Structures are given as structure tokens and as C-alpha cells.
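Peer 1: Residue numbers (numbering that gives the first Met the number 0): 0 to 448.
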Amino acid sequence: MSGEVPATVQGIYEEVLRRNPGETEFHQAVREVLESLAVVLGRHREYTEMKTVERICEPERQIIFRVPWQDDRGEVWINRGFRVEFNSALGPYKGGLRFHPSVNLGIVKFLGFEQIFKNALTGMPIGGGKGGSDFDPKGRSDAEVMRFCQSFMTELYRHLGEYTDVPAGDIGVGAREIGYLFGQYKRITNRYESGVLTGKGLGWGGALVRTEATGYGAAFFAEAMMAARGETFEGKRVVISGSGNVAVYGIEKVHQLGGTAVACSDSSGYVVDEKGIDLDLLKQVKEVERGRVDTYAQRRDSATFVAGGSVWDVPCDVAIPSATQNELDGDAAAVLARNGCRYVVEGANMPATPAAVKVFRDTGIGFAPGKAANAGGVATSALEMQQNASRDRWTFEHSEARLAEIMRDIHARCHETAEEYGSPGDLVLGANVAGFLQVAEAVHAHGLI
Ligand code: GLU
0 MSGEVPATVQ GIYEEVLRRN PGETEFHQAV REVLESLAVV LGRHREYTEM KTVERICEPE
60 RQIIFRVPWQ DDRGEVWINR GFRVEFNSAL GPYKGGLRFH PSVNLGIVKF LGFEQIFKNA
120 LTGMPIGGGK GGSDFDPKGR SDAEVMRFCQ SFMTELYRHL GEYTDVPAGD IGVGAREIGY
180 LFGQYKRITN RYESGVLTGK GLGWGGALVR TEATGYGAAF FAEAMMAARG ETFEGKRVVI
240 SGSGNVAVYG IEKVHQLGGT AVACSDSSGY VVDEKGIDLD LLKQVKEVER GRVDTYAQRR
300 DSATFVAGGS VWDVPCDVAI PSATQNELDG DAAAVLARNG CRYVVEGANM PATPAAVKVF
360 RDTGIGFAPG KAANAGGVAT SALEMQQNAS RDRWTFEHSE ARLAEIMRDI HARCHETAEE
420 YGSPGDLVLG ANVAGFLQVA EAVHAHGLI
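1. Taking L120 and R412 to be in contact with their CB atoms under 8 angstroms, please state how far apart those CB atoms are, rounded to whole angstroms.
2. K93 bridges to which residues according to DSSP?
3. Which whole runs of the alpha helix (DSSP H) in the region 84-131 are 4 residues long or more, in chain order?
4. Residue range of the beta strand (DSSP E) that D135 falls in?
5. Going by other Cβ atoms of all chains shown within 10 Å of its Cβ, with 16 needed for buried, is T394 buried or exposed?
6. Taking the C-alpha atoms as reference points, what is the distance between G138 and E288?
7. Please work out which residues of its chain come closer than 6 angstroms, Cβ to Cβ, to D361, disregarding the five sequence neighbours upstream and downstream, and give them in chain order.
8. Is it the case that the CB of S101 approaches a heavy atom of ligand 3 more closely than 7 angstroms?
9. Taking only the alpha-carbon atoms, compute the straight-line gap between M123 and G194 and give it to the nearest angstrom.
10. Please confirm whether any heavy atom of ligand 1 lies closer than 7 angstroms to the CB of N373.
11. At 3 residues or longer, and completely inside the region 338-425: list those beta strand (DSSP E) runs for me, N to C.
12. For C263, report the span of its beta strand (DSSP E) as first-last.
13. Enumerate in chain order the residues of its own chain whose CB-to-CB distance from S150 is below 7 angstroms, with the five nearest sequence positions on each side excluded.
14. Using CA atoms only, rank isn't needed, just tell me which of H26, R146, Q9, S87 is closest to G73.
15. Confirm the yes/no value for this check: CB of D458, any heavy atom of ligand 1, distance under 7 angstroms.
16. Note down, one range per segment and in chain order, each beta strand (DSSP E) of at least 3 residues found wholly within the region 211-245.
17. With H, G and I counted as helix, E and B as strand and the rest as coil, what does DSSP make of N325?
18. Taking the straight line between their C-alpha atoms, what separation do you get for T236 and L327?
19. Relative to ligand 1, is the shortest distance from any of its heavy atoms to the C-beta of V377 smaller than 7 angstroms?
20. Can you tell me which residues form a DSSP beta bridge with T459?
21. What did DSSP end up calling R450 once you bin it into helix, strand or coil?
22. Can you give me the C-alpha to C-alpha distance between T153 and G178, rounded to a whole angstrom?
23. Give the single residue among E273, G446, T352, A347 whose Cα lies nearest to the Cα of F304.
24. Would you give the residue range spanned by the alpha helix (DSSP H) that V317 belongs to?
25. Which class does V313 belong to by DSSP, given the choice of helix, strand or coil?
26. Can you tell me the Cα-Cα spacing of E345 and G369, whole angstroms?
27. Does the region 397-412 come close enough to the region 201-216 that 3 or more CB-CB pairs lie under 8 angstroms?
28. Quick one, are the C-beta atoms of D71 and S132 less than 8 angstroms apart?
29. Rounded to whole angstroms, what is the Cα-Cα separation between C56 and T188?
30. Using CA atoms only, rank isn't needed, just tell me which of R392, G376, E396 is closest to G95.
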């Protein structure tokens with residue numbers, strides 16, 4: 000971990016450790032927020048008296064359920080489903096579903112906890128939640144994924160609602176899964192409740208720009224960060240880890256803003272393409288064929304594939320980690336710094352370890368935490384809910400302009416809050432404090448619940 004937990008919040012942290020044994024990612028996420036809050040609690044005695052921080056660290060509700068399903072050969076499988084409804088002070092629980100074998104309660108709680116502050120930063124009326132399953136969609140047929148999603152929703156539906164809890168996608172959950180989940184929800188409830196899920200297909204209630212939003216948003220955030228230092232994307236080399244939804248659309252926007260994305264990755268290794276990643280080819284390989292990045296390198300002369308290894312070895316000006324939590328450690332951060340990297344912008348949730356964040360601080364690399372930089376996805380989900388509620392449909396241009404504005408606002412809020420609380424340039428502190436203050440004020444106003 001990066002440093003000592005400040006004395007004022009030490010007791011809260013120890014209680015979180017005691018009550019949630021073994022949930023290391025959750026501990027990490029809580030600790031990072033608590034480290035920022037000492038400065039706030041000094042100014043708000045009421046939050047200490049009413050145990051506001053302690054209440055925010057305890058989910059309002061945690062649901063764990065069995066998900067049985069049959070594969071194409073008739074074999075029975077049993078997975079575990081989760082939904083952690085963390086905080087509804089600002090609106091209905093909102094946050095994605097992750098389908099990945101690594102999913103457990105601690106992972107869902109770390110994601111749900113981050114989501115509370117991220118959603119607050121968007122300025123939209125959404126609370127924080129997260130869910131998922133240890134189901135691995137990789138290599139499964141459409142029919143298997145459908146049966147899994149139907150079984151998952153057969154339990155989850157009773158906890159959802161457009162005014163209650165509104166899931167969306169995350170790793171392993173995209174438009175296909177949202178379609179199957181929505182179909183089953185509609186069938187069980189006999190309600191065409193568009194606003195109960197976001198990330199829907201464009202023909203049946205989905206919003207334009209939702210697919211692109213997280214990646215685009217991270218690039219807009221990076222642009223705002225650079226502008227604060229009098230710089231632009233023009234001529235910058237960018238490395239983006241991952242090759243899922245966030246990475247693909249991050250690359251697209253980086254190119255549109257004048258930068259060149261030269262590398263991306265998946266769990267098999269990474270590709271470097273000095274001419275810049277060919278987005279049509281990457282989309283073909285990853286989205287259409289659901290293949291691996293080495294296929295990209297095989298089809299493109301200017302690209303080389305490196306099996307295993309760290310994508311952070313590729314020199315760059317801007318790094319956008321967009322794969323998964325704790326993918327960028329202290330050693331990788333030191334390599335980035337040595338190679339002259341100037342900005343690290345988290346496209347994924349908590350991809351930089353505390354040791355990496357310390358390196359960024361010590362070397363003056365501009366660092367944007369995921370709860371600020373990747374909030375474009377969930378912000379556009381809130382715009383999707385808004386369109387569903389008013390039975391309206393916005394154009395691509397209007398939706399993208401709203402997203403760009405939201406990302407600039409989040410940057411400004413984090414930047415100004417960091418200054419106000421005596422840590423200019425520290426966007427981690429700025430994001431944690433600005434997000435916390437908004438949630439805490441609502442929690443306090445609602446009384447002891
Ligand atoms: N899973 C995304 C996130 O981490 C999006 C959540 C949503 O759209 O509700 O923010």
C-alpha cells in the first residue's frame with residue numbers, strides 16, 4: 000500500500016478489514032478513498048458524529064445466488080451470481096455486471112464501492128452498485144450464454160427496477176448479454192421497462208454513444224488533463240492496454256484527437272504497431288471474430304506480437320490502462336517513467352496498484368484515477384435512462400457533445416477540489432473528496448438509514 004492510513008480514519012479502516020476478511024481488492028479501494036478523506040473530516044464534524052463514512056463503507060444490500068445452467072452437451076454447471084447494492088443516496092443503484100472467472104464478493108464490492116463516487120462525479124442522479132458472476136463466457140456458444148443469462152436474471156429480476164437498481168455491462172457483458180438479460184426480465188415481469196438495463200441494442204431502447212462512451216470519455220478526460228498543462232494529444236504516442244470495448248473506443252478517440260495509439264494487449268500478450276493501430280482490423284479481430292490480438296499482428300505488416308510480457312515496456316507519452324484491476328504495478332510504473340511517459344489515465348477500474356500510483360506521484364506523472372477518467376460509460380448510461388424515461392432518442396452528435404461536456408466538468412471538479420483541499424494536481428484526492436462530499440451530503444440529509 001502507498002502509505003500510512005491517516006490516524007483520523009485508521010479505526011474505520013481497521014473495522015472494514017475486520018468485517019470483510021480476505022476481500023483484498025475491496026480493502027484497497029476503501030483505503031485509497033480513506034487516505035483522501037482525513038482533510039474532509041476535519042471540516043465536517045457532523046460526518047464523524049453520524050458515522051457517515053462508516054455507513055458508506057457498508058453496502059446497503061448484498062445478494063448472492065446460485066445460477067444453474069446446462070451447456071450444449073447437456074452437462075450441468077453451477078455458477079455464483081452477485082449484486083451488491085452499495086449506496087442509493089443519489090439515485091437508483093447503478094453499475095455494471097461482470098462475467099469473469101475471477102469474480103468473487105470482494106471484487107464486486109471493490110467495484111461497487113468505486114462506483115458510488117464515480118457516479119456522484121458524473122453529476123447524474125445515480126447511486127452505486129455492481130454485480131456479476133464467476134461464469135466465463137469465453138469459448139461458450141451464443142446458446143450457452145443465453146441460457147446462463149436467463150438463469151442469472153431469473154433470480155436477479157426481483158431486485159431490479161428502473162427506480163431501484165439498473166445494471167449494465169462490464170468485462171464479459173456486452174450488447175449480446177444485455178439482450179438476453181433484458182428479454183428474460185421482460186418475460187418474467189411482463190413489463191417493457193426500458194430503463195431497467197442500460198447498454199441495450201440501438202433498435203430497442205439503447206442510446207447512441209453508449210458503446211463508445213467509456214473509451215471516448217477516457218480520451219476526453221486525458222485531453223482536459225493535458226489542456227491544464229498547456230498540451231494536446233497532437234503528436235503524442237499512446238499505449239492502451241486491453242483490447243475490449245474501452246480500449247477499442249479509447250484508441251478511436253485518441254486518433255481523432257491527434258494522438259497515435261501504438262500498442263494494445265490481451266491476456267495472451269501485446270501488439271506494437273508503429274504506424275498506429277488499424278482500428279478497422281482490430282474491431283474485425285476482437286468484435287466480429289472474438290479472436291486474439293496475435294491475429295491482428297499476423298494480418299498487418301507494421302505490427303509485431305509479443306507473447307506474454309508487459310505492454311508498459313512500450314515507450315509512450317500517454318498510458319491508458321484499460322484491461323483490469325491491478326494490471327499496472329510499481330515496476331511497470333517505473334519503466335513508464337524511465338521511458339518518459341507524462342500521463343497515465345485509468346480506462347479500467349483501479350488498474351494501477353498503490354505502488355504504481357506512488358511512482359506517478361514521485362515522478363510528477365499526471366495521473367487520473369478510473370473513478371473520474373472512466374466515468375463516461377456510466378454517465379452515458381444515465382443519459383440512456385433519461386432518453387428511456389422521456390421516450391426520446393438523441394443523435395450521435397448531441398450524445399457525444401454531452402459526454403465531452405460531462406468529462407470536462409468531472410476534470411474541472413477534481414482539479415478544483417484538489418486545489419481547494421491543498422493538493423494541487425492530485426486528481427486522486429480531488430476525485431475522492433468531490434465524489435465523497437456529494438454522496439455524504441445526501442446520506443446526511445436522509446437521516447440515520
Ligand atoms: N461497468 C461500467 C463502469 O465500470 C459501466 C456501468 C454502467 O453503465 O452502469 O462504470
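Idealized CB from N, CA, C, for every residue including glycine. The structure presented is a predicted model; accordingly, all values stated were derived computationally and were not measured.
Peer 2: Well, looking at it:
1. Looking up residue 120 in the sequence shown gives position 121. Looking up residue 412 in the sequence shown gives position 413. With 8 angstroms as the limit, L120 and R412 qualify as a contact, their Cβ atoms being about 7 angstroms apart.
2. Position 94 of the sequence shown, counted from the first residue, corresponds to residue 93. In DSSP, K93 forms a bridge with V165.
3. List check, alpha helix (DSSP H) in window: 104-121.
4. Counting from 1 along the sequence shown, the entry for residue 135 is found at position 136. Note, D135: premise wrong, no beta strand (DSSP E); not H, not E.
5. Walking along the sequence shown from the start, residue 394 turns up at place 395. Counting Cβ neighbours within 10 Å, T394 comes out exposed, since fewer than 16 surround it.
6. For the purposes of this step, residue 138 is identified with residue 139 of the sequence shown, where counting begins at 1. For the purposes of this step, residue 288 is identified with residue 289 of the sequence shown, where counting begins at 1. Cα to Cα, the separation comes out at about 12 angstroms.
7. Within the sequence shown, the letter at position 362 stands for residue 361. Same-chain partners within the cutoff: there are none.
8. Among the ligands present in this structure, namely ligand 1, ligand 3 is not found.
9. In the sequence shown, the residue the question calls residue 123 occupies position 124. In the sequence shown, the residue the question calls residue 194 occupies position 195. Rounded to whole angstroms, M123 to G194 spans 15 angstroms at the Cα level.
10. In the sequence shown, counting from the first residue as 1, residue 373 sits at position 374. Yes, since a heavy atom of ligand 1 falls inside the 7 angstroms radius drawn around the Cβ of N373.
11. 342-344, 365-367
12. Translated into the one-based positions of the sequence shown, residue 263 becomes position 264. Following the DSSP letters along the chain, one finds C263 inside the beta strand (DSSP E) bounded by residues 259-265.
13. Locating residue 150 in the sequence shown gives position 151, where the first residue counts as 1. Closer than 7 angstroms at Cβ, skipping near neighbours: V66, P67, W68.
14. Along the sequence shown, read from residue 1 onward, the residue named residue 73 stands at position 74. Nearest in C-alpha terms to G73, of all of H26, R146, Q9, S87, is R146.
15. What the structure shows of the chain is the stretch from 0 to 448, and residue 458 is not part of that stretch, so it cannot be assessed.
16. 236-239
17. The count along the sequence shown starts at 1 and reaches residue 325 at position 326. N325 falls in the coil class under three-state DSSP.
18. Here residue 236 is taken as the residue at index 237 of the sequence shown, counted from 1. Here residue 327 is taken as the residue at index 328 of the sequence shown, counted from 1. Reading off the sequence, residue 236 comes out as Arg, not Thr. One C-alpha to the other measures close to 18 angstroms.
19. Along the sequence shown, one-based indexing puts residue 377 at 378. Indeed, a heavy atom of ligand 1 lies less than 7 angstroms from the Cβ.
20. Coverage of the chain is limited to positions 0 through 448, which leaves residue 459 absent and any answer about it impossible.
21. Since the first residue of the chain shown is 0 and the last is 448, residue 450 is not available in this structure.
22. The residue given as residue 153 occupies position 154 in the sequence shown. The residue given as residue 178 occupies position 179 in the sequence shown. The alpha-carbon separation between T153 and G178 amounts to approximately 14 angstroms.
23. Taking the sequence shown and counting its residues from 1, the one referred to as residue 304 is at position 305. Ranking E273, G446, T352, A347 by Cα distance to F304 puts E273 first.
24. Looking up residue 317 in the sequence shown gives position 318. First-last for V317: 317-319, but that is the beta strand (DSSP E), not the alpha helix (DSSP H).
25. Residue 313 sits at position 314 when you count from the first residue of the sequence shown. Three-state result, V313: coil.
26. In the sequence shown, counting from the first residue as 1, residue 345 sits at position 346. In the sequence shown, counting from the first residue as 1, residue 369 sits at position 370. Taking the straight line from one Cα to the other gives about 5 angstroms.
27. yes
28. Taking the first residue of the sequence shown as position 1, residue 71 is located at position 72. Taking the first residue of the sequence shown as position 1, residue 132 is located at position 133. Cβ distance not < 8 angstroms, so D71 and S132 don't count as in contact.
29. Your numbering for residue 56 matches position 57 in the sequence shown. Your numbering for residue 188 matches position 189 in the sequence shown. Using only the alpha carbons, I get a separation of about 32 angstroms.
30. Here the question's residue 95 lines up with position 96 in the sequence shown. Here the closest residue by C-alpha is G376.
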